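Q:
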Amino acid sequence: MASADFAKSQQERKKSNKEVKHNATMGENYSMLLLLIFGKVNELRQKMSNMEQAMEEKQSEMNLQMQQMRNEMELQVQRQLEAFMKQINPSDNPPTVCGH
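Counted the way the UniProt record's numbering counts, the sequence shown spans residues 1 to 100.
1) Taking the C-alpha atoms as reference points, what is the distance between Q53 and L33?
2) Please give the ranges of any alpha helix (DSSP H) in the segment 35 to 87, keeping only runs that are unbroken, at least 4 residues long and fully inside the region.
3) CA-CA distance, I37 and N29?
4) Could you tell me the alpha carbon to alpha carbon distance between E57 and M51, rounded to whole angstroms?
5) What separation, rounded to the nearest whole angstrom, lies between the Cα atoms of R45 and M26?
Written as structure tokens, this is what we have:
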């Protein structure tokens with residue numbers, strides 16, 4: 001009877017050891033899974049940061065182009081106004097009011 005109890009005790013100990021090993025393996029798996037998830041999260045954060053930076057650079061570039069276009073249009077309007085004024089008064093004399 002003592003040997004039966006001993007055998008049963010050994011089986012329970014083996015079963016307990018297997019559970020401990022299984023739990024340790026599961027813990028390692030969860031740890032690895034968490035590391036993968038955190039790695040992916042950091043990777044996505046970096047991608048988003050890069051995209052935001054690229055968008056900001058593109059926005060700055062577009063703002064600069066818009067300012068250049070505005071400057072060119074203002075210059076064009078100024079030249080057209082000067083050309084129109086020369087057509088009205090080609091002699092560069094100030095216009096006089098008729099009858100005075």
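Idealized CB from N, CA, C, for every residue including glycine.
All values derive from a computational prediction rather than experimental measurement.
A: Quick answer:
1) 30 Å
2) none
3) 12 Å
4) 10 Å
5) 28 Å
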